[in-house]
Amino acid sequence: MSGLIKANDTLGFSYKLEEYFENGALAYRVRNMFGWDSFSLEFLAEYALGLAIFLCALEIILGFTVLFGTRIKITVYSLLALTVVFFFLTLHTATCDPLATYNQQTVTVKNSPEHEQMLVRMDGNKSISIAEENEKEVVFNEKLAVQCVSDCGCFGDAMKGSLGRSLTPWESFMKDLILMVLIIPIFFQRQKIKMNTLRDDAFILVPAFLLVGFYSWVFTWYFPLIFTAVGFVGYLLSKYFIKNVVTQFIPIGFVTVISLGFIYYTYIHLPIRDYRPYAVGKSIPEQMTLPEGAQPDVFENKMFYKNKITGVVEEFSESNYPWQDTNYVFADRQTKLIKAGDHPAITDFTIIASDGNDYAKDYLSEEGYLFMLVAYDINKTKQTTFKKINTFVDQSNLEGHYFIGLTASLYED
Numbered sequence: 042m043s044g045l046i047k048a049n050d051t052l053g054f055s056y057k058l059e060e061y062f063e064n065g066a067l068a069y070r071v072r073n074m075f076g077w078d079s080f081s082l083e084f085l086a087e088y089a090l091g092l093a094i095f096l097c098a099l100e101i102i103l104g105f106t107v108l109f110g111t112r113i114k115i116t117v118y119s120l121l122a123l124t125v126v127f128f129f130l131t132l133h134t135a136t137c138d139p140l141a142t143y144n145q146q147t148v149t150v151k152n153s154p155e156h157e158q159m160l161v162r163m164d165g166n167k168s169i170s171i172a173e174e175n176e177k178e179v180v181f182n183e184k185l186a187v188q189c190v191s192d193c194g195c196f197g198d199a200m201k202g203s204l205g206r207s208l209t210p211w212e213s214f215m216k217d218l219i220l221m222v223l224i225i226p227i228f229f230q231r232q233k234i235k236m237n238t239l240r241d242d243a244f245i246l247v248p249a250f251l252l253v254g255f256y257s258w259v260f261t262w263y264f265p266l267i268f269t270a271v272g273f274v275g276y277l278l279s280k281y282f283i284k285n286v287v288t289q290f291i292p293i294g295f296v297t298v299i300s301l302g303f304i305y306y307t308y309i310h311l312p313i314r315d316y317r318p319y320a321v322g323k324s325i326p327e328q329m330t331l332p333e334g335a336q337p338d339v340f341e342n343k344m345f346y347k348n349k350i351t352g353v354v355e356e357f358s359e360s361n362y363p364w365q366d367t368n369y370v371f372a373d374r375q376t377k378l379i380k381a382g383d384h385p386a387i388t389d390f391t392i393i394a395s396d397g398n399d400y401a402k403d404y405l406s407e408e409g410y411l412f413m414l415v416a417y418d419i420n421k422t423k424q425t426t427f428k429k430i431n432t433f434v435d436q437s438n439l440e441g442h443y444f445i446g447l448t449a450s451l452y453e454d
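For the sequence shown, this note's numbering assigns the number 42 to the initial residue and increments by one for each residue that follows.
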């Protein structure tokens, strides 16, 4: 079910993977553990979409093959490897300390613009220092805050959109830990597991179908029942009408085809069941505001003051910190989230013009229709569509409707 939900929006899953590939996410763990300050996973961001498609398809296929008992040896090894990957992702999310830092190394050519820029940034900034220098290059060392991934994305936006909340990082971690425990007996019994008999099918497939039905009801999306039924029918037909060695490969191939077909359809179109705040029919202005009675976040501030006499840095709360005591001097303050409150579904929607101002409220408050064309990278837009877009823009202008283009590309592009 998890794989099918992520496959419903592989682009969204790829964005989540990109978060994990940032230097302040998974990579900082390796840097801190092994002192490998140059380690980076950012090169994988370019392949995030391909990895998202592969992982979604693999998760769906492995789910079916475990139920069918086909090619169980490679299935169990693959399933264990996939679970280990997600286990460490959720472990990172659950244990990430937003107050932690990591070392970022930047190699610059001496007297280059990048070198001069780093020198300007280093001036008065204690977090940046020169780690190494020779006749040609200067290596800067910079302490940066880690980038904690707040939501592992295990069920995409489905839980948030249907139940009003996602799994917490620790809940996601426990889910993967339980899956690991359940897979271990299958792993050690892999030599004894054979392709299902008719009795096995009745014992395994019927409860599995009912379980999918339950989760479909929870997520208010019943397409998984249809998808599961199609997969089961393909398996049963191949099993009972083809009596040779290829019987085990046909259901795997069939499930692969329908999985990739589903992924391709949702990639070139919208998700079949759209749980996102920007789904068709939802109001962006309403999604940007909180209803009456919403609870704010609750924070706790810890104050640290240094005793001038003893030289010891002591911790105080906001109610008793010695701000008037001349024997103490302020050293630091730390803010900790005690209880998460309510947040709008949309918190980061902005329309920044070339002058640096945000015009989101201005456009969204206009009466009538507002058309927005979103192209995150204008250089990747198919030029064959420009003529149709221009025709639509001209017609919108004639009818007095607003049409704006949104992109992260530079103005020169």
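Quick reminder that beta carbons are idealized off the backbone N, C-alpha and C, glycines included.
Distance between residue j and residue i (C-alpha atoms, nearest Å)
i	j	result
Glu157	Val180	12 Å
Lys421	Val415	12 Å
Asp418	Ala48	23 Å
Val150	Met163	16 Å
Asn298	Leu311	The sequence shown places Val at residue 298, rather than the Asn named in the question. Going by the C-alpha atoms only, they are around 20 Å apart.
Asp383	Ile115	45 Å
Thr111	Phe128	25 Å
Asp192	Val71	21 Å
Leu456	Leu120	One cannot answer for residue 456 here, as it falls past the ends of the chain, which runs 42 to 454.
Asn68	Thr367	Rather than Asn, the amino acid found at residue 68 in this sequence is Ala. If I take the Cα positions, the gap works out to 44 Å.
Ser55	Phe371	44 Å
Tyr452	Ser153	25 Å
Ile27	Met236	Beyond the ends of the chain as shown, which are 42 and 454, falls residue 27; an answer cannot be given.
Pro385	Thr307	26 Å
Gly352	Thr147	36 Å
Phe229	Leu223	11 Å
Cys97	Arg374	43 Å
Phe340	Gly254	41 Å
Phe273	Val296	9 Å
Thr330	Leu405	13 Å
Gly334	Ser437	40 Å
Pro139	Leu218	23 Å
Ala66	Gln188	5 Å
Ala44	Lys177	One detail in the question is off: residue 44 reads as Gly in this sequence, not Ala. Cα to Cα, the separation comes out at about 50 Å.
Ala320	Gln328	11 Å
Asn73	Phe427	48 Å
Leu252	Lys423	43 Å
Ser395	Val434	21 Å
Residue i, buried or exposed, once every other Cβ within 10 Å from all chains shown has been counted against 16
i	result
Glu87	exposed
Pro332	exposed
Ala243	exposed
Phe105	buried
Asp338	exposed
Asp198	buried
Asn64	buried
Ser279	buried
Met159	buried
Pro318	buried
Short Cβ contact (7 Å threshold) for residue i with residue j
i	j	result
Thr142	Ala89	no
Thr261	Ser203	yes
Val117	Arg231	yes
Leu132	Phe214	yes
Lys347	Val354	yes
Tyr276	Phe109	yes
Asp78	Asn144	yes
Ile304	Thr51	yes
Ser168	Glu183	yes
Tyr263	Met42	no
Ile171	Ser300	no
Phe62	Leu82	yes
Phe290	Ile46	no
Glu59	Val190	no
Thr376	Met221	no
Thr269	Phe250	yes
Thr134	Pro210	yes
Near the ligand PLP: residue i beta-carbon under 6 Å from a heavy atom
i	result
Tyr305	Among the components of this structure there are no ligands whatsoever, and the ligand PLP is therefore not found.
Residue-chain proximity (residue i, chain B), Cβ-Cβ < 7 Å
i	result
Lys201	Absent from the structure: chain B. Only one protein chain is present.
Original post:
At a cut of 8 Å, does the segment 443 to 451 reach the segment 400 to 413 through at least three beta carbon pairs?
Top reply: yes
Original post:
Curious, which full-length alpha helix (DSSP H) runs of at least 4 residues does the segment 200 to 243 contain?
Top reply: 210 to 229
**OP:** Count the CB pairs spanning the segment 356 to 372 and the segment 383 to 400 that are closer than 8 Å, and state whether there are at least three.
**Re:** no
**OP:** Note down, one range per segment and in chain order, each alpha helix (DSSP H) of at least 4 residues found wholly within the segment 376 to 410.
**Re:** Listed in chain order, they are 401 to 405.
Subject >> Every unbroken alpha helix (DSSP H) inside the segment 87 to 133 [4 residues or more] >> reply: 89 to 109
Subject >> Length at least 4, wholly inside the segment 328 to 371: the alpha helix (DSSP H) runs in chain order >> reply: none
**OP:** For the segment 268 to 333, list the alpha helix (DSSP H) runs that are entirely contained and at least 4 residues long, ordered along the chain.
**Re:** 290 to 309 and 325 to 328
Original post:
Can you list, in chain order, the stretches of the beta strand (DSSP E) that have 3 or more residues and sit fully within the segment 144 to 179?
Top reply: Taking only runs of at least 3 residues, the beta strand (DSSP E) segments lying wholly in the segment 144 to 179 are 169 to 174.
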